[in-house]
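Student: Just dropping this structure here.
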Amino acid sequence: MSTSAHPDHPEPRATHLWFERGRLVVQLQDGRELACPLAFFPRLAAASAEDLADWRLIGRGTGIHWPRLDEDLSVEGLLEGRRAPEADARARALAPRLRAARRQAGLTQAQLALRMGRSQALVSLAERGALRIGTPYLQAVLDACGLPHDWQP
2 MSTSAHPDHP
12 EPRATHLWFE
22 RGRLVVQLQD
32 GRELACPLAF
42 FPRLAAASAE
52 DLADWRLIGR
62 GTGIHWPRLD
72 EDLSVEGLLE
82 GRRAPEADAR
92 ARALAPRLRA
102 ARRQAGLTQA
112 QLALRMGRSQ
122 ALVSLAERGA
132 LRIGTPYLQA
142 VLDACGLPHD
152 WQP
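Letter 43 of the sequence shown, counting from 1, is numbered 44 in the numbering used here, and no numbers are missing.
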């Protein structure tokens, strides 16, 4: 499939979004509204109203970014019905290490989230192994806990 937009059919772009009745609703530039169940996106489903309200359009409206949740959605993916990727074995294996680092630093999930500039929901999901996370997230946790990147529990 080509990703080039045809002049008669420009790439769909978001102009606004809101949440209602357990759904994410995205208004598109051409007037369409697209609604998706929040259950498709675990980070959004577990987030507070405050964290959900902290979003930005990216790529001139081709995507949406929630900085505190570390979540990005593309309009194209929403139109195709793509769900957030499931957690993988690596995320489940890292979960105890994340939890141990936070506890060693004597922090609650809320305190760690505040230090990282993320949401408590994100910290909780990562510590349960319910999210795909990578090395940058692990390093951010270790930094926020004042631990070296080679720290082992």
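Here a beta-carbon is modelled for each residue, glycine too, at the ideal position from N, C-alpha and C. None of the values given here were measured: they were computed from a predicted structure.
What three-state label does DSSP hand residue 72 in the structure shown?
Tutor: strand
Student: In the DSSP assignment, what are the bridge partners of residue 20?
Tutor: 25
Student: Which residue's Cα is closest to the Cα of residue 19: 34, 40 and 81?
Tutor: Of the candidates 34, 40 and 81, the residue whose Cα lies closest to the Cα of residue 19 is 34.
Student: Are there 16 or more other CB atoms within 10 angstroms of the CB of residue 144, so buried, or fewer, so exposed?
Tutor: exposed
Student: Using DSSP with H/G/I as helix, E/B as strand and the rest coil, what is residue 12?
Tutor: coil
Student: Can you list, in chain order, the residues of its chain whose CB lies under 6 angstroms from that of residue 59, leaving out five sequence neighbours each side?
Tutor: 66
Student: Please name the residue in 29, 134, 112 and 48 whose C-alpha comes closest to that of residue 88.
Tutor: Per the C-alpha coordinates, the member of 29, 134, 112 and 48 positioned closest to residue 88 is 134.
Student: Using the DSSP secondary-structure output, state which residues sit across from residue 137 in a beta bridge.
Tutor: Answer by DSSP bridge pairing: none, since residue 137 is not bridged.
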